[in-house]
Each structure stands twice: as C-alpha cells, then as structure tokens.
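Q:
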Amino acid sequence: MRYGKLPREEKGQALAELALVLPVLILLLFAIIEFGRVFSAHLTVIAASREGARYGIVGATDAEIVAHVKESAATLDTSLLRVTVNPPAPRVAGSVLKVKVEYPVSLVLPLPDVLLPNPVWVRGETAMQVE
27 MRYGKLPREE
37 KGQALAELAL
47 VLPVLILLLF
57 AIIEFGRVFS
67 AHLTVIAASR
77 EGARYGIVGA
87 TDAEIVAHVK
97 ESAATLDTSL
107 LRVTVNPPAP
117 RVAGSVLKVK
127 VEYPVSLVLP
137 LPDVLLPNPV
147 WVRGETAMQV
157 E
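The sequence shown finishes on residue 157 if you use our numbering, and the numbering steps up by one all the way, no holes.
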C-alpha cells in the first residue's frame, strides 16, 4: 500500500462527503446550544419559584413575593415572567403556599413546530407550609 497524495478523484470525493455531513453537524451544534439555553432558563425558573415560596412563608404579601421572584430570576427577561401565588394573602399558619413561575424561551434555531414549539415554556412550581 502506498502512502502519499490522494489521486485526483478522491479529493473530490472528500469534498462531496464534507458537503453532505457539514450541515448536519452544524445543525447538531446549534441544537445543543438551544438545549443549553432552555435548560438554563428552566433551572433559573425553578430556583426563582423556590426563593419566592421561601420568602412568602414568613408573611410577605403577594406583590413582595412577585418582586422577590423577579429579583431572583434577574438573568432572565423579568418582563416575560408569569408569577402565580396561591392562595392570595393573607395566609394562615399551617396552610400551603404555592408559587408558580412560567417563562417563554424563544428559540433562535428555526425548527418546525412539530419538533418543538416556539417559544418553549419552562415552568417551576414550589409548595411550602406557611409558618
């Protein structure tokens, strides 16, 4: 077997293979980046709902809980956050406080809605007993 330069026709074959595989690899790379964005937003929303519930069980009003949730999720666009506090204030000691946070993550990668809806809604809900 001889090593060295490729014959002319094999150079063209390598270029054709690259042209076929490269779009798939680029699509895979962007899909991984999009997954990372959605997962990061999901973790932030869960942490914000937990922080809001912890803040609310010690006697905070609904507006204070919403403000605290938005402060906890400062890395996201807080104008798009949907915060639901249930039951509304005033709460009785021993009852359960639920804080639900929803956030839409707009995808940059143009995928058909069959594969993934755009925007992707991430949700986090935390329930804690009022002190």
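Just so it is clear, CB atoms sit at the ideal spot from N, CA and C, and this is done for glycine as well.
In whole angstroms, what is the alpha-carbon distance linking Arg-108 and Ile-83?
A: 19 Å
Q: Using three-state DSSP, classify Val-118 as helix, strand or coil.
A: coil
Q: Let me know the secondary structure DSSP gives Thr-101 once reduced to three states.
A: coil
Q: What number of angstroms, rounded off, separates the C-alpha of Asn-144 from the C-alpha of Ala-99?
A: 21 Å
Q: Which stretch, first to last residue, makes up the beta strand (DSSP E) that contains Ala-86?
A: Note, Ala-86: premise wrong, no beta strand (DSSP E); not H, not E.
Q: Just to confirm, is the Cβ distance from Ala-89 to Gly-150 under 8 Å?
A: no
Q: Given Ala-153, which residues of its chain have a CB within under 6 Å of its CB, disregarding the five upstream and five downstream residues?
A: Val-122 and Lys-124
Q: Applying the criterion that 16 or more other CB atoms from any shown protein chain within 10 Å of the CB defines a buried residue, is Val-118 buried or exposed?
A: The residue is exposed, with fewer than 16 neighbouring Cβ atoms inside 10 Å.
Q: Pick from Gln-155, Glu-157 and Val-146: whose alpha carbon is nearest that of Phe-61?
A: Val-146
Q: So, helix, strand or coil for Val-125, using DSSP?
A: strand
Q: Ordered along the chain, which non-local residues of its own chain (more than five positions away) have a Cβ less than 6 Å from that of His-24?
A: Residue 24 cannot be examined here, being either before or after the span of the chain that is shown, 27 to 157.
Q: Could you spell out where the beta strand (DSSP E) holding Val-134 opens and where it closes?
A: No beta strand (DSSP E) holds Val-134; DSSP gives it neither H nor E.
Q: With the cut-off set at 8 Å, would you say Val-64 and Val-127 are in Cβ contact?
A: no
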